[in-house]
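**Student:** Below: one structure in structure tokens.
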Amino acid sequence: MTNIILLGPPGAGKGTQARKLVEERGMVQLSTGDMLREAKTSGTEMGKRVAEVMDRGQLVTDEIVNGLIEEKLKTAGGNGFIFDGFPRTLPQADALGKLLAKIGSKLDAVIEMRVDDEALVRRITGRFTCGNCGEVYHDETKPTKVPGTCDVCGSHDLKRRADDNEDSLKTRLMEYYKKTSPLIGYYYATGDLFTVDGLAEIDDVARQMSAILDQQAS
Ligand code: AMP
322 MTNIILLGPP
332 GAGKGTQARK
342 LVEERGMVQL
352 STGDMLREAK
362 TSGTEMGKRV
372 AEVMDRGQLV
382 TDEIVNGLIE
392 EKLKTAGGNG
402 FIFDGFPRTL
412 PQADALGKLL
422 AKIGSKLDAV
432 IEMRVDDEAL
442 VRRITGRFTC
452 GNCGEVYHDE
462 TKPTKVPGTC
472 DVCGSHDLKR
482 RADDNEDSLK
492 TRLMEYYKKT
502 SPLIGYYYAT
512 GDLFTVDGLA
522 EIDDVARQMS
532 AILDQQAS
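Residue numbers are given in this note's numbering: position 13 of the sequence shown equals residue 334, and the series is strictly consecutive.
Below you can see the structure in the form of structure tokens.
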């Protein structure tokens, strides 16, 4: 069992790679962004509270996301966890270490996905996903084969995220550089950090990740 964090700015490809790891290795993806969006659409009290913050591109409180992860760790099983979009602050990183220790587990690797800002803007502004199966598409680089229909599950429920616009993206990038990028130094210091070239082709990035995972498992 290998537990990893995918670390990188919005649009680095964390979700895409996490989905591949789930499929290929039976790992469990824990995306706080997905959990928060679910809370938002299901109209829970917490969902209502975080909706505006998320749409603006700011981070929600550590308390909320730590709570979400704690709940999931109690119930989710599988061949290791992929933390996708969590932790995003140093207090969240601390909390994760403690939560994993509590269930007798630990972190094995933190994979930083490095991408330049220009590529992020291009990736984010063309991005859409299938509301049914979660497959990620892009207007230019990965359109659906039949317009309006998901290649994987055939659903017509294709949507864009409320925060995938240039204004929110600016805030999300600032939040990343101010609050999340210090985690790169933190995990370098703990000896857990690995870096992949997030600008490479999807399958190539996946190969780089697999090599790291195999090395950690052996
Ligand atoms: P994501 O899908 O990972 O890009 O997350 C979408 C939005 O959810 C972020 O811009 C934040 O508003 C919120 N969010 C997700 N994960 C976290 C986290 N670990 N800490 C704080 N806010 C988060």
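We put the beta carbon where it would ideally sit given N, CA and C, even for glycine.
Remember, predicted model here, so these are calculated numbers, not experimental data.
1. In terms of residues, what are the limits of the beta strand (DSSP E) holding ILE424?
2. Rounding to the nearest angstrom, what Cα-Cα distance links ALA529 and VAL436 in this structure?
3. Going by DSSP, what residues sit across from PHE449 in a beta bridge?
4. Would you mind working out which of ALA521, ASP513, ASP525 and GLU345 sits nearest GLN537, comparing C-alpha positions?
5. Once the 5 residues before and after THR516 are set aside, which same chain residues still bring their CB inside 7 Å of it?
6. I need the straight-line Cα distance from PRO412 to ASP383, nearest angstrom please.
7. Would the beta-carbon of THR353 be found less than 7 Å away from any heavy atom of the ligand AMP?
8. Taking the straight line between their C-alpha atoms, what separation do you get for THR365 and SER539?
9. Assign THR362 to buried or exposed, taking buried as 16 or more other Cβ atoms, counted over all protein chains shown, within 10 Å of its Cβ.
10. Which two residues bound the contiguous alpha helix (DSSP H) that contains GLU344?
11. Use the C-beta contact count for LYS395: other C-beta atoms within 10 angstroms, 16 or more gives buried, fewer gives exposed.
12. Terminal residues of the continuous alpha helix (DSSP H) containing SER489?
13. Starting from ARG528, trace the beta strand (DSSP E) in both directions and tell me its first and last residue.
14. Less than 8 Å separating the beta-carbons of LYS335 and ARG409?
15. DSSP has THR540 in a bridge; who is on the other side?
16. Among all the DSSP beta bridges, which residues are the ones paired with ILE326?
**Tutor:** Straight from the coordinates:
1. Premise fails: ILE424 is in no beta strand (DSSP E) and is neither H nor E.
2. Before going further, note that residue 529 is Gln rather than Ala in the sequence given. One C-alpha to the other measures close to 15 Å.
3. TYR458
4. ASP513
5. GLU433 and ARG435
6. 7 Å
7. yes
8. 43 Å
9. exposed
10. 335 to 346
11. exposed
12. 487 to 496
13. Note, ARG528: premise wrong, no beta strand (DSSP E); alpha helix (DSSP H) at 523 to 538.
14. no
15. Outside the displayed range of the chain (322 to 539) lies residue 540, so it cannot be described from this structure.
16. PHE404 and VAL431
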